[in-house]
Amino acid sequence: MNFISTHLLSTILFFPMLSAVVMMFLPKDENKLFRWFAFVASLVPFALTLVAWFQFKSSQPGFQFQETYVWYQAIGSSLHLGVDGLSLTMVLLTTLLTPLAILASFSVSDRVKPYMMLFLFLETGMLGVFMALDLLIFFVFWEIGLIPMYFLINQWGSANRDYASLKFMIYTMGGSLGLLLAIQMIGVLFGTYDLVTVYQRWNSLEAGSMLLGMSVHTVKSIAFWAFAIAFAIKVPIWPFHTWLPDAHTEAPTAGSMLLAGVLLKLGAYGFLRLVLPLYPVEAKMFAGVLALLATAAIVFGAFGSFGQTDFKRLVAYSSVNHMGFVVLGIAAAAYSIGTQDATIALNGAILQMFNHGLSAAGMFFLVGVIYERTHTRNLEEFGGLFPIVPIYGGILIFTSMASLGLPGLNGFISEFLVVRGAFPVLTVFTTISMLGLLFTGAYILKGIKKVLHGPMNEHWAHGEHKLTEISAREIIVMVPLMALILWIGIYPAWILDVINKAVVMLF
Amino acid sequence: MNFPVLSVITFTPMVAALIILMLPAQRKNEARGVALAAATFALLLSFWVYFSYDQATAGYQFIEKYSWLPALGISLHFGVDGISAPLVLLTGVVMFTGVLISWGEFDESKHLSAGIQDRPREFFAFLFLLAGGVFGVFVSLDLFMLFFFYEIAVFPMYLLIAIWGWIQTREYAAMKLTLYLFIGSVVSLVGVLAMYWLQYKNTGILSFDMIGMEKAGFSQAFQNIWFLPVFLGFAVLGGIWPFHNWSPDGHVAAPTAVSMFHAGVLMKLGAFAALRVGIMLLPQGAHTWSWLIMLFAGVAVVYGAYIAFVQEDMKYMIGFSSVSHMGLVMLGMSTLNRNGIMGAGIQMFSHGVMTALFFAITGMIYDRSHTRQIPELGGMSKVMPFATIGFIIGGLVSMGMPLFSGFVAEFPIFMGVWQVQWLVAVIASISIVITAAYIMRNIRQVFFGPMPEKLEGHMGDVTVLDKVAITTLCLFMIVIGMFPSFMVPMIQTGVENVLRLLGGS
Amino acid sequence: MFTSTTFASILPEILILVLGMLVLIVEPFWKEEKRRNVGWLTAGGLLAIMVISFLFGQPGAPTSTLGGMIRFDWLGFFFKMLFMFAAAATALLLMDNEKVGHRGEAYLLLLASLLGMNLMAVSADLVMLYLAIETTSIPLYILSGFMLADDKSTEAGFKYLLFGALTSTIMLYGFSLVFGFTGTTNLYQLTDMFKAGSLPLVTTLGTMALILVGLGFKVSIVPFHFWAPDVYEGAPTPVAGFLSTASKAAGFAVLVRLFFVTFSGFAVSWTIALAVLAAVTMTVGNLLAIQQTNIKRLLAFSSIAHAGYAMIGVVAFSQLGAASVIFYLAAYIATNLLAFGIVMAFSRVTGLEDVKDYSGLSRRSPLLGLMMLAAFLSLTGMPPFGGFVAKVFVFAAGVQAGYVWLVIVGILNSIIGVYYYLNVLKSVYLYRMPNQDEENHPIPLTRPYAIALVVLAVGVILIGTVFAPWFSWSNAAALNLF
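Heads up: the protein sequence lines correspond to chains A, B and C, in order. Counting from 1, one number per residue, gives the positions in the first sequence under this note's numbering. Counting from 508, one number per residue, gives the positions in the second sequence under this note's numbering. Counting from 1013, one number per residue, gives the positions in the third sequence under this note's numbering.
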């Protein structure tokens, strides 16, 4: 156990990957074995994350569980891992959602082995981003997470998967190009990629000095936008969001769960981890733009969602809408950095990330559950299903309510905090966003109505097409999500405490 | 321990070539067997060289020196440094895998004629002559011998392409390739002779020894005049824009193993010689002209990627992608700083392994489907899953995906360029996205797209030997990507020497 | 005066004379169908002479013997060795040429010509030189027209005779002018007189030009090359091979000695003239070679081009230059004899001489194909064959002397060379016979061919890889010029 306690993060990080490699050597065509193996393999990091969560000292400043290994010494990059309250929350979200996603994929029967392996690789990729304390390592994992996701969509997705996966790939890679260049520039300037060092050196640069033939201000502005655009595409912020509905809709259910649940958080995390600390001045300068885009995302996301007839697309657009709040919180914090409002907004934003992870994953899963049975996602073809599948209906309503922001459930807490923090500083944008929130209610209710209520579509009631109730396995997937949704909604302190301390220390 | 390992490595393929030629023509499998044995032996030796190279002392090691023609100062002077040791290993790897995939299988009923079925004896003999030449260039510390081996490495290409190549373009491509390379090499030769005589005039030493020539004290004016001919003459083989045109044509026409050699090691030969002779012996000239090299290389990177993007023929696509990637090598060299040259060194290895893999898999597909047109292919993942994974890994390397060797190589190159001219870095980086686009398009269509009807039924999986080859190549790309320290410190030691000659920085 | 040195200085020639007698005596005793065995005798005899000369006839410091007629030095010795080697190989190659090789006279003429060449290499006197040149030429005129029934052969003999007679007359005129102005015919004494400036410059240059005509004919440089393609094509192939190698080298031996020693005072003038000639020769030879379809004509033009390359070494006018010319000629003799040998072996079986007829050769006879590869790549200048090293040395000498432009011309020309030499190899390796049934048309090699060709091929590779001994001999020879 000694090894694990000193190498906690690296164990969490690499365990899924190593399991995937082991899996490669398992005998062929043992689908059941693959499923359980992957599931168990993904539970281990979760358990270890819980260990980390409880060992984590939230009031201690700086990064904890730090580990450093030689990686690419020649250019000054090392495998430097560490977490603070912010990243630990995200790690928890990731390790929680991955087993659930794998459990949710037990119904996949096409090429199970590579499918499960890709999920495990994906988990390592995502965790790496959250744990990295080295810019280059951050980028490494940032990019590498793309690959499994690309293949998951491309191979196990639905009809339009080719288009969607390529769009996803090109958008994200194009976005990260700027990130790559900016990271290179930082590396060239400082000769190191270590985040802790870069924080200090970057901000202590003298305003008048010249770098690479440009003034510090120019360099910083360029770098700021390079970072911001890369993250904005990933979040995604309007108008960079168009890849998202396609990718989400075409991805397999579990893929969508992770895509919405974790991958979108990478962008927001990038803002919090890199953009705000490295470019406080620029961030403040451009906070208005960011807020405008966030508001646009909230409003147009909601409208877009409302207009969909495809259930999954509806949920996908809702992600745009919800992530808009995260960005709004970030923008507000950037604008008023160091104030009470900023802290509140950031608390809200981070919690919203976590919450959206829970509810979006749940929603996508529930869409997947019904799609598996009916092979359609067209809202017009459902209707009045509640009597046929009451348990499913109940779960769907519960999760939707979390998404809608019903008080008592988690979504309310975080959105409230964001709005509370943003209102004093970005009054206009926040007000408009509140209007957007109204439409959030509208589209969610529309979804529920179209699926569960209204005139019953007899097609699903009888005969060979009779809808079957949600299975025990599927309920098991939903239970942890619902429990957390409820728990945070009622008693958010356990997680907010960690987040808040991190925010206070960080900014 | 004075085992003359480098000369054994160099002459093993040549001796093997002779032995193979002496076998009776019908003994095809014996010829292949001898080839495989020799290749394995060379590979093991090159591993041994790689791992027993002492990075702490750096410099040239495993030195052997036999006086060859004292009157003119020609000696058989062998030695490797941190830059050439990986390239020796690369050659060993490509040679080994090249033999494996050329073994092939022949099955009339399946329309399958994989590998080399026509006159394998001559094929392996010429291929090994070429391999011996390549080894020779990488280990030579004597300019004359470097040229000697350089030419040996070039001319078998003509025969290999013209005889065993793709019937439609082989004559044209082989001749074009040979003429381009020959012109390049003799232009460099004149420069080298000029250096040789100037050294004699300056120091009174009549010698082709490269280590000695580093101290020859060529004047600034002399270096300015001769740097470009020497550098570009070699760089032609490295596929530098605008002298790259022979390369994709050559790739398309060449048989699989030759394409692997061509892109895998021959192009490195050009880049390596350009570095060794051009930059290291004429450092002042390099300083003067680096902007031009950077310009050429920058154009090659983006232009190559774009042209690759619009190709329909898989081999043309890979051929132009090689132009683009070798452009990165040249770009790294043109920075004349630590990061750039180091990246170039890694990129040489990385690209060598990657592109060998690409051509190997393309060859496997072609042998079974008899087409390389991307739109006419599809569904390969169902019949050859192993090759699919290999191609994907190669693709990721090509795109510069982190955790694969391409990233480890390209990243420092870009850093180096940042230090010199940030604009070039930004423009060159566009190629990454273009590369991603065409690689992904290719993977999507060829491996995962719907299988055309006419291919249905007579496509089989790759052979066990093919799988061994694919695995070997993939392992290198992953190991270097995950653990850069496998190769980087070694190359660093070599780079230090280059930097010393360039005058600090 | 007849000391052991004198004896050593003409030892090979004496032995050749003895061998010739032996041939004359033995031949009538053999039955007609056995007369080809004279070839064994000639080749074996020459080999023995080489060994004996090497053991007992090595020169020490350069000396003049026989009243200043002969210069006994390494330059001459090395050339003699080359000529004898070439003659031995030619004798072997003659043996299975039914129209020529089955008659003893052919071998006798060969030996007579060889005798002349040997003397050309060592002559230190204009009179001796002229005699030697004629002794070389006349047997060759006959050999070229040896096949009386063959119009082309007759034409070749006649053409060669006419051109040869004309140019040697002009050269003789040059010689007589020199004698008239200076009163001496000794090359070494002439050096000093020329240097002393006892002659008007115009006269010197004029005589130089006249002499150059004769030598230019021998080594077939442009514009004295017209005879070469026709004669090579028409003459019996072994004779053509001999003409293009030994005879050419003999010309160079004289050229080098004359210009490096006798005219050394006027180097400024003649180097430029020869540089221009060299450039023109290379270019014309190569450009015309491209269009040839007959392999013997192709080799003829290629041999013209090679004279141009070798001339770069002469132009360099340095010790390295001389050494490189000699080395070049050594490599070239082995290479070109190999090429002609293959052509003979091939057309003996097939009766064909066009490049396209070589299609599928590597399948019909892999060994012959490989040797063809060695010969043509050596002509191209690719390692590990002799041609590469030779070319590099010549170019090195050129660069050293500051003739970078000439070297560049040489390089451009070798690129043209790559093109047409590779085209031949393309036929050999790539193309196939019309019915693709090469297995049914093998090309057997008789024993003399096999021996000659293998020896030559090994020689080509040895010169290209272990070049140190050959170069040090060339260098020793070159040393005698300064």
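Just so it is clear, CB atoms sit at the ideal spot from N, CA and C, and this is done for glycine as well. Quick caveat, the model's predicted, so the values are computed rather than measured.
Looking only at its own chain, which residues have a Cβ that is under 6 Å from the Cβ of residue i, when we skip the five neighbours before and after it?
i, result
"Pro755/B", "Tyr823, Gly826, Phe827"
"Leu1009/B", "Pro790, Leu843"
"Met126/A", "Thr94, Gly145, Val262"
"Val1440/C", "Tyr1370, Leu1373, Ser1374, Gly1381, Met1384"
"Ala542/B", "Val606, Phe631"
"Asn500/A", "Asn347"
Give me the chain C residues within the contact set of residue i, using Cβ-Cβ distance strictly less than 9 Å, ordered along the chain.
i, result
"Thr685/B", "Val1430, Tyr1431, Leu1434"
"Met682/B", "Val1430, Tyr1431, Leu1434, Asn1435, Lys1438"
Name the residue from the options whose alpha carbon lies nearest to the alpha carbon of residue i.
i, options, result
"Pro909/B", "Ala159/A, Pro45/A, Pro236/A, Trp71/A", "Trp71/A"
"Asn154/A", "Lys535/B, Val860/B, Gly956/B", "Gly956/B"
"Ala1101/C", "Ile1028/C, Leu1160/C, Phe1483/C, Ile1463/C", "Ile1463/C"
"Val320/A", "Ile330/A, Phe37/A, Phe311/A, Phe303/A", "Phe303/A"
"Leu259/A", "Met285/A, Asp341/A, Lys234/A", "Lys234/A"
"Thr253/A", "Leu467/A, Ser105/A, Ala493/A, Ile75/A", "Ser105/A"
"Phe918/B", "Glu469/A, Ser59/A, Lys28/A, Ile183/A", "Ile183/A"
"Ile732/B", "Ile670/B, Val699/B, Arg677/B", "Val699/B"
Would you list the one or two residues that DSSP bridges to residue i?
i, result
"Ala532/B", "The partner list for Ala532/B (beta bridge, DSSP) is empty, contrary to what the question assumes."
"Ile1284/C", "Ile1284/C is not bridged to any residue."
"Asn1306/C", "Asp1366/C"
"Phe585/B", "Glu571/B, Ser647/B"
"Tyr72/A", "Ser77/A"
"Val299/A", "In DSSP, Val299/A forms no bridge with anything."
Along chain A, which residues have their Cβ under 7 Å away from the Cβ of residue i?
i, result
"Val556/B", "By Cβ distance, chain A contributes nothing, its closest Cβ being about 21 Å from Val556/B, past 7 Å."
Could you list which residues in chain B have their beta carbon closer than 8 Å to that of residue i, in chain order?
i, result
"Asn160/A", "Correct list: empty, because the minimum Cβ distance to chain B is about 13 Å."
"Met590/A", "Residue 590/A lies beyond the stretch modelled for chain A, which goes from 1 to 507, so this question has no answer here."
Chain C partners of residue i, CB-CB under 7 Å?
i, result
"Leu704/B", "At residue 704/B the sequence reads Trp, which differs from the Leu that was named. What Trp704/B touches in chain C: Val1411, Gln1412."
"Ala578/B", "Phe1483, Ser1484, Asn1487"
Near residue i, what residues of its chain come up, given a Cβ to Cβ distance below 7 Å and the 5 sequence neighbours on each side ignored?
i, result
"Arg1047/C", "Glu1039, His1114, Arg1115, Gly1116"
"His459/A", "His465"
"Gln1496/C", "The requested residue 1496/C does not occur in the structure, where chain C is confined to residues 1013 to 1494."
"Leu596/B", "Ser553, Phe554, Tyr557"
"Phe509/A", "It is not possible to answer for residue 509/A, since the shown part of chain A is limited to 1 through 507."
"Ser876/B", "Leu884, Leu962, Met966"
"Phe1193/C", "Leu1211, Thr1215"
Identify, in the order they occur along the chain, each residue of the same chain with its Cβ nearer than 8 Å to the Cβ of residue i, setting aside the five sequence neighbours on each side.
i, result
"Met508/B", "Note that Met508/B has pLDDT 49, beneath the 50 cutoff, so the model's placement of it is unreliable and no number is given."
"Ser1012/B", "Unreliable positioning characterises Ser1012/B in this predicted model, as indicated by a pLDDT of 45, which lies under 50. The coordinate reading is nonetheless provided below. Leu843, Asn844, Arg845, Leu1006."
"Ile899/B", "Ile950, Phe954"
"Phe752/B", "The sequence given here places Asn at residue 752/B; Phe does not occur at that position. Taken in chain order, the residues that qualify are Lys683, Tyr687."
What does residue i reach in chain A if we use C-beta pairs closer than 8 Å?
i, result
"Trp798/B", "Within chain A, no residue comes near Trp798/B; the closest Cβ sits about 15 Å away, beyond 8 Å."
Since residue i meets chain C, which of its residues come closer than 8 Å, beta carbon to beta carbon?
i, result
"Phe918/B", "The premise fails here: Phe918/B is roughly 39 Å from chain C at the closest Cβ pair, so nothing lies under 8 Å."
For a contact meaning CB atoms closer than 7 Å, what does residue i contact in chain B?
i, result
"Val1419/C", "Val697"
Please list the partners that residue i has in chain A, where partner means a Cβ-to-Cβ separation under 9 Å.
i, result
"Arg951/B", "Asn154, Asp162, Ser165, Leu166"
Next item on the list: Give, in chain order, every unbroken run of the beta strand (DSSP E) that is at least 3 residues long and sits entirely within the segment 1071-1109 of chain C.
Entry: 1075-1077, 1082-1084
Notebook entry, point to check: Of all the beta strand (DSSP E) runs that stay within the bounds of the segment 676-744 of chain B, which reach a length of 3 or more residues?
Noted result: The qualifying runs do not exist here; there are none.
Next item on the list: Could you name each continuous alpha helix (DSSP H) segment of 4 residues or more that falls completely within the segment 234-272 of chain A, going from the start of the chain to the end?
Entry: 243-250, 253-258, 264-270
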